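Protein chains in written order, with the numbering used here: chain G, 12 to 504; chain C, 76 to 186; chain S, 21 to 127. Taking it in order: structure first as structure tokens, then the write-up.
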């Protein structure tokens, strides 16, 4: 097994060596960046067999825990961390492929460095087993997000980036205070060790304060309602490939970190009515706001928030079916939402404006983009045979076992989602067209078609993903006892 | 003594949060973020303090009886670096917004 | 697993989808009588199309208070965003404290 630190180190290496390559030969930047991202994707994919073997800890510097002492920083590789890691790897490749035409030649170096640093940061959050390590990588990811959101340099991007920076640094301040309180209660920073000691101590007022602070801190990054306010402006102002990349990495650094800490450290496994309530409010608030948007990418960001509501709702149900639905929905969502962001980016890049009311009749000139958008719109609304239907079907079944009212709300939100996507499809691709544009080049349609193919394949054969990736991940996320005993294996004699 | 320091930390963090809540000038919001960072760093170090112990530095030839916890000090160093980076990033965004808008207000001119 | 919770067969679903596409295509291709017009999908030659902004006019008008409140919530002013963050932090701390005092073990 290669150490899980190698993909993270490779991303950092690529981030700092791409400018050097660019200095030597300007045209070598894009192939080098693509090569590095492909290499990292292959390395993360090669960790599959070790990830499926259970919770594999890797101690940096070989500081393996001996009896009674745990001093090392650990990376834990388990099926759900592998799932989020492979998404990060895939999306870094697609983003670099897409950005060849969009970013152009002048400032490509800083864009590639930002993309690689973002991948390194989010991969570090996903693979880590240590709370302060999570904090540091989350801060690294926040900084790079600030840079990516403010990349275009106009007033809207800078404003969105400033708002994001203030909210994110406030949130990570809360997270840091919560981590320090947990450290002062238990005396250690390792997630499994804190869980072990808190299990012995029980929930006392100090760890309750830490729970609230960590919940808020990671909640801002997860962006459920009402902490989602930074997200639509930020993701709509970023460059289009970067929007797709940020969507791909959001769930690893947000939802996965939240679920992992809540289930392992504080021991909340099972039905969680607070997460169900937050999920329902997020679903409704997101889709109601998305219906009235006229900005293309902002509408897509609001739909991302409402689909996150589905994931939180299903994860809060506490059953195996619910967690399976939630993780499968994460996988499907990043696939079709990434494709939708790429299609929106292609349209905006060609027509030069972001307002859907000013576009029209583009299906004649951009057929591949229209096809990708149609597949994405049908997937997000849960229409068979696309992959959105598969994961939503599991969520409907899971919520029906708990309370049929939740299924009714989920179906209503699906219908409203379909309505707003049909409206934008009519506005952008059908109808009367005023301007003649060309189709986007192959490096931009390539990722879209690949994602569309993945959507259709996962929709027709969902059992492949379910059996090999999602069900082991759901089982791994719902079993904190096995996590603790696997990571702390050397400490108990 | 430690309780007084904790109250001071809470006051610093509270003042910083008040600044982010109320102030409309971008530079004042950035200063408030920096004040919050100072409060949090002070909280971390105060948490690590053990009564009447010395700094956690091993010097050759001297024996130690009791040392202050060194891990919070390492965490504080990281946090200071992160705070400085946040301030730098926020200031560069404020400069860019000033060039675009002509004013340091977070609402822009006419809105 | 999909077979446990219902009926799922790739061939059946994809053939149903292709059948639906075929029916739609045949309907669009049908020669219209004098009083009917051809369906206009995409292109330049049409005098009037419904502006997409007005698609949900009735829906928006009925729920105008909810939509207005939602839009005021997303005001893009950082002070109000931080205020909502603190309100949510206070509410969730009340929830967690109540849970702790009542001895409930699950959130």
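Glycine included, C-beta positions come from ideal geometry on N, C-alpha and C. All values derive from a computational prediction rather than experimental measurement.
Beta-carbon spacing of residue i, residue j below 8 Å
i, j, result
"residue 155 (chain C)", "residue 184 (chain G)", "no"
"residue 321 (chain G)", "residue 391 (chain G)", "no"
"residue 332 (chain G)", "residue 405 (chain G)", "yes"
"residue 87 (chain G)", "residue 59 (chain G)", "no"
"residue 12 (chain G)", "residue 89 (chain G)", "no"
"residue 95 (chain C)", "residue 102 (chain S)", "yes"
"residue 176 (chain G)", "residue 102 (chain C)", "no"
"residue 330 (chain G)", "residue 104 (chain S)", "no"
"residue 145 (chain G)", "residue 268 (chain G)", "yes"
"residue 206 (chain G)", "residue 138 (chain G)", "no"
"residue 142 (chain G)", "residue 222 (chain G)", "no"
"residue 400 (chain G)", "residue 386 (chain G)", "no"
"residue 73 (chain S)", "residue 234 (chain G)", "no"
"residue 450 (chain G)", "residue 384 (chain G)", "no"
"residue 367 (chain G)", "residue 438 (chain G)", "yes"
"residue 104 (chain G)", "residue 48 (chain G)", "yes"
"residue 258 (chain G)", "residue 315 (chain G)", "yes"
"residue 209 (chain G)", "residue 218 (chain G)", "yes"
"residue 351 (chain G)", "residue 440 (chain G)", "no"
Range of the contiguous beta strand (DSSP E) that encloses residue i
i, result
"residue 68 (chain G)", "67-70"
"residue 123 (chain C)", "Run containing residue 123 (chain C): none; DSSP gives neither H nor E here."
"residue 86 (chain G)", "85-88"
Pick from the options that is closest to residue i, judged by C-alpha positions
i, options, result
"residue 245 (chain G)", "G:221, G:50, G:128 and G:161", "G:161"
"residue 251 (chain G)", "G:363, G:388 and G:32", "G:363"
"residue 96 (chain G)", "G:81, G:115, G:129 and G:74", "G:129"
"residue 407 (chain G)", "G:334, G:356 and G:248", "G:334"
"residue 135 (chain G)", "G:435, G:84 and G:112", "G:84"
"residue 172 (chain G)", "C:172, C:109, C:179 and C:119", "C:172"
"residue 45 (chain G)", "G:123, G:90 and G:490", "G:123"
"residue 417 (chain G)", "G:323, G:382 and G:484", "G:323"
"residue 71 (chain G)", "G:14, G:29, G:369 and G:477", "G:14"
"residue 126 (chain S)", "G:344, G:480, G:279 and G:149", "G:279"
"residue 485 (chain G)", "G:313, G:438 and G:328", "G:328"
"residue 148 (chain G)", "G:500, G:270, G:423 and G:16", "G:16"
"residue 226 (chain G)", "G:197, G:182 and G:18", "G:182"
"residue 436 (chain G)", "S:49, S:75, S:24 and S:31", "S:75"
"residue 237 (chain G)", "S:124, S:34 and S:100", "S:100"
"residue 26 (chain S)", "G:403, G:456 and G:498", "G:403"
"residue 18 (chain G)", "G:39, G:53, G:460 and G:33", "G:53"
"residue 20 (chain G)", "G:133, G:293, G:101 and G:354", "G:133"
Integer-rounded CB distance, given that residue j should sit under 8 Å from residue i
i, j, result
"residue 155 (chain G)", "residue 262 (chain G)", "Contact flag wrong, Cβ pair sits at about 17 Å."
"residue 336 (chain G)", "residue 409 (chain G)", "5 Å"
"residue 151 (chain C)", "residue 119 (chain C)", "5 Å"
"residue 286 (chain G)", "residue 326 (chain G)", "6 Å"
"residue 255 (chain G)", "residue 431 (chain G)", "Contact flag wrong, Cβ pair sits at about 20 Å."
"residue 339 (chain G)", "residue 264 (chain G)", "That belief does not hold up - the Cβ atoms of residue 339 (chain G) and residue 264 (chain G) are roughly 19 Å apart, past 8 Å."
"residue 191 (chain G)", "residue 176 (chain C)", "Incorrect: roughly 38 Å between the Cβ atoms, too far for contact."
"residue 98 (chain S)", "residue 174 (chain G)", "5 Å"
"residue 312 (chain G)", "residue 370 (chain G)", "Rounded, the Cβ-Cβ distance is 18 Å, inconsistent with contact."
Endpoints, alpha helix (DSSP H) assigned at residue i
i, result
"residue 367 (chain G)", "That residue, residue 367 (chain G), is in no alpha helix (DSSP H); it is neither H nor E in DSSP."
"residue 379 (chain G)", "378-391"
"residue 502 (chain G)", "Residue 502 (chain G) -> no alpha helix (DSSP H), and no H or E assigned at all."
"residue 85 (chain S)", "84-93"
"residue 49 (chain S)", "30-49"
"residue 318 (chain G)", "307-327"
"residue 185 (chain G)", "166-197"
"residue 99 (chain S)", "98-122"
"residue 71 (chain S)", "Taken as a continuous stretch (DSSP letters only), residue 71 (chain S) belongs to no alpha helix (DSSP H), as it is neither H nor E."
"residue 298 (chain G)", "284-302"
"residue 158 (chain C)", "145-176"
"residue 415 (chain G)", "415-439"
"residue 93 (chain C)", "77-97"
Within chain A, the residues that residue i reaches when beta carbons sit closer than 8 Å
i, result
"residue 26 (chain S)", "No chain A is present in this structure, whose protein chains are G, C and S."
Going along the chain, which unbroken runs of the alpha helix (DSSP H) with 4 or more residues stay wholly within the stretch 17-77 of chain G? Here the runs fully enclosed are 40-56 and 59-63.
Enumerated in chain order, which unbroken segments of the alpha helix (DSSP H) with a length of 4 residues or greater are wholly contained in the stretch 207-281 of chain G? Segments of the alpha helix (DSSP H) lying fully in the stretch 207-281 of chain G: 216-233, 242-248, 251-262 and 268-271.
Taking the runs of the beta strand (DSSP E) that are 3 residues or longer, which of them lie wholly in the stretch 84-148 of chain G? 85-88
If we require 4 or more residues per run, which alpha helix (DSSP H) segments fall completely within the stretch 448-501 of chain G? Runs of the alpha helix (DSSP H) inside the stretch 448-501 of chain G: 453-471, 473-476, 482-488 and 491-498.
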